[in-house]
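Chains as they are written, first to last, in our numbering: chain A, 1 to 471; chain B, 472 to 869. Written out below as structure tokens is the structure these notes cover.
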């Protein structure tokens, strides 16, 4: 049993959740809601929100969040140290990966970044405080967040709850958060750091766990104006069925990323840098992110062939597996990767158009070069395929069957080809086109899965001037 | 050159005779020395006559010259059967072939070819396994096969095996109940009711997911049977995403309750297209002989199963931790199963599987328990699981 006191601003019971296998098993007591404690927590945070948050200028909230996130960037900060020590146990990621992710996600939400996000999303940050003029509008407009938002967190990428909580606080709502059984600790640590900087603000947030799908709990938890949920297709589908017509549902479901490299970028000179960036994309979050690439499609006809790129990528994957080690795998995942590795090794040994690059020992990463360019999702954990295409235009057809799941596309294309490519990719359903090397590190200000994260949470109100007569 | 080939085929014959004899011996274990000698001899013969296997061995720099322990004999991955013909004979000598199903690589199916000598020993292994673990009482009874017949699906190894069992231990009213229109439920229910009336025990053999569908249908109709004492079931093949998955103990409880068969007469079978021998739960044999052990799949005298670390196939995980509640029984860590099977005379002795499990050692012998199969799609989190993406096995869960 791990002795850890998880911070909670409201009073809740605890449940023991275990992580790891056999002798590596560790149990954490995780704050858990019962129907009674959930109901009272929801009432309490709504009251606190009315008292401490609803009428607070957004600049003050930004200031607190900035202070909190800067603490999380400080290697000496004790909660960060605790996260780096304990999150590997729950999430299975390596300490280095946790540290990298904390830098990335906390770094996404420093003051300037938050303002950029509000401005891109809502047009003007003052709109969260007061009625303001807007270009083209005959009147004034203001945005209101609901009294309470229910957030269902997922465990695939650590520190992800920062995104939800930041958005929820900026629109001045109380936030209920259901932590993921896969990674229940971080949200509590983050809430504790908010409490250190601003205890009143922390009192507008209630976090806890319940078994996903519990009818009574979810009837209560989803009886709110907005439910935001991260999760896999089944989880999202189940939640969507339970969310009533009066509730706005904001799902962030499974998505799929891949990379495209044009022949112009494949020069001897650029190969090293390009491969390093591609290796980072394929290794970040051990490929568990919705923005992680499953495949790199590489255009033939460059100075460097797609196969040579695969070989160099393998070298860089190997290097990165030392600097940013892969996390722990369950036996099932290990077996799956071993099975894929065997299959490709046999295919390559007995004449298939494939080549497998693997570490001397172990399953830390794998690069599969396969001339059959059909799209195949990876089993993740740094198993990346490189497939040649005659032209990047081939990618549109190859990805058409998966258009519903498209999100991030990493690209290495000269400017004069980028626009045409982006036009087609956008048509197909992609929502984020970014340079290779940036796939795993989005900016806070961009739309999330094609919609703006703050706009999803607000209700707009206008004061009409009444000066222009339409009828 | 000529003399070389002759000496190989001579020793091959001798080997076949000796292996055949072991298959004929009843019960008992094969002494370690003898297994080791036979395995090394078979390895040498297969290394020489099986081009694909030799290429595989040379890739790992392992040859009959530098291998002296059966545990170090290279085990070919089951995936190899998808990409090459892994046989010790030219393809025109093949008299039978089986095709694998339910593998992760959907583009290709593995094929296992047998020549005349291969078939002889293969068939013997299939029958001997059934005798040892399904009919220690040598009971001839009606076999109800929830499977297509070998005439209908000649390349299905399971259908072939059931036919062999029917030939040796099936009464004349034994029947295959899956045809081109699927399972003949009516005939199945009629047969069960008849068995209840006549008091003659039956042996029901089918795919695990098929049994689950049957159990669900019975539960929905509140239907139960009380089959005559001595009735037994064999389920094999797992779920393959074609039914809800039921934990093993719960599956056997439901099977036992619905059919009125004692749990120690419900046997899970692990068969594999790429290998002659099949592995059965020990419970029926143990009940018959009064052996007390946990439920697991024992090795036969002519097989050995080891478990390897998926991160390092050269590391064999030994059964050295005590099993809770079973004094004198030990198990290994969980890894991937690897079988050495002397009955694979004309293919490859050692086969590395994708099956997840652990090995077991008791006072009565060695064996293993299987926990599942690596599906190549164990994704979590935000990334997409292959089945979900492809729409297979979707909504299969409860």
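Every residue gets a Cβ at the ideal spot worked out from N, C-alpha and C, and that includes glycine. Bear in mind the structure is a predicted one, so any value in this text is a computation, not a measurement.
| Check | Outcome |
| --- | --- |
| Residue 350 (chain A) versus chain B: which residues are under 8 angstroms apart at the beta carbon? | 523, 526, 551, 554 and 555 |
| In chain order, which alpha helix (DSSP H) runs of at least 4 residues are fully inside the region 534-604 of chain B? | 551-554 and 587-604 |
| Apply the 10 Å Cβ neighbour rule to residue 736 (chain B) and answer buried if 16 or more other Cβ atoms are within range, or exposed otherwise. | buried |
| At the level of alpha carbons, what is the spacing between residue 35 (chain A) and residue 238 (chain A)? | 19 angstroms |
| Please decide whether residue 781 (chain B) counts as near chain A, where near means a Cβ-Cβ distance under 8 angstroms. | yes |
| Could you tell me which residues DSSP puts in a beta bridge with residue 637 (chain B)? | Per DSSP, none; premise fails for residue 637 (chain B). |
| Cα-Cα, which of A:182, A:436, A:394 and A:133 is closest to residue 465 (chain A)? | A:133 |
| Which residues mark the beginning and the end of the beta strand (DSSP E) in which residue 810 (chain B) is found? | 806-812 |
| I'd like to know whether the C-beta of residue 565 (chain B) is nearer than 8 angstroms to at least one C-beta of chain A. | no |
| Provide the residue span of the beta strand (DSSP E) that contains residue 732 (chain B), from first to last. | It is not in any beta strand (DSSP E) - residue 732 (chain B) carries neither H nor E in the DSSP assignment. |
| Any Cβ of chain B within less than 8 angstroms of the Cβ of residue 29 (chain A)? | no |
| If you draw a straight line from the alpha carbon of residue 682 (chain B) to that of residue 713 (chain B), how long is it in whole angstroms? | 11 angstroms |
| Can you find a C-beta in chain B that's less than 8 angstroms from the C-beta of residue 317 (chain A)? | no |
| Please determine, among A:240, A:260 and A:265, the residue with the shortest C-alpha to C-alpha distance to residue 253 (chain A). | A:240 |
| Hey, is residue 776 (chain B)'s beta-carbon within less than 8 angstroms of any beta-carbon in chain A? | no |
| For residue 52 (chain A) versus residue 203 (chain A), is the C-beta spacing smaller than 8 angstroms? | yes |
| Return helix, strand or coil for residue 456 (chain A), following the three-state DSSP convention. | helix |
| Using the DSSP secondary-structure output, state which residues sit across from residue 464 (chain A) in a beta bridge. | A:139 |
| What are the residues that DSSP puts in a beta bridge with residue 254 (chain A)? | Answer is none; residue 254 (chain A) lacks a bridge partner. |
| DSSP three-state label for residue 359 (chain A), please. | coil |
| DSSP three-state label for residue 759 (chain B), please. | helix |
| CB residue 130 (chain A) to CB residue 142 (chain A), shorter than 8 angstroms? | yes |
| At a CB-CB cut-off below 8 angstroms, which residues of chain B make contact with residue 445 (chain A)? | Correct list: empty, because the minimum Cβ distance to chain B is about 21 angstroms. |
| Please return the same chain residues whose Cβ sits closer than 7 angstroms to the Cβ of residue 700 (chain B), not counting the five positions on each side in sequence. | 672 |
| According to DSSP, is residue 412 (chain A) helix, strand or coil? | strand |
| Excluding five sequence neighbours on each side, which residues of the same chain lie with their C-beta closer than 6 angstroms to the C-beta of residue 838 (chain B)? | 767, 768, 769, 770 and 831 |
| Whose C-alpha, out of B:669, B:801, B:841 and B:742, is nearest the C-alpha of residue 718 (chain B)? | B:841 |
| Classify residue 577 (chain B): buried if its beta carbon has 16 or more other beta carbons within 10 angstroms, exposed otherwise. | Below a pLDDT of 50, predicted positions are generally treated as unreliable, and residue 577 (chain B), at 46, falls in that range; no measurement from the model is reported. |
| Any chance the region 774-788 of chain B sits against the region 309-322 of chain A, with 3 or more Cβ pairs inside 8 angstroms? | no |
| Quick one: what does DSSP say residue 613 (chain B) is sitting in, helix, strand or coil? | strand |
| Which whole-angstrom value is the C-beta distance of residue 286 (chain A) and residue 166 (chain A), which I expect to be below 8 angstroms? | Not a contact, Cβ separation roughly 24 angstroms. |
| DSSP three-state call for residue 800 (chain B): helix, strand or coil? | strand |
| Just to confirm, is the Cβ distance from residue 242 (chain A) to residue 208 (chain A) under 8 angstroms? | no |
| Could you pull the start and end residues of the alpha helix (DSSP H) that residue 104 (chain A) belongs to? | 95-108 |
| Do we get a CB-CB distance below 8 angstroms when we pair residue 363 (chain A) with the residues of chain B? | yes |
| List, in order along the chain, the chain A residues whose C-beta lies closer than 8 angstroms to that of residue 823 (chain B)? | 342 |
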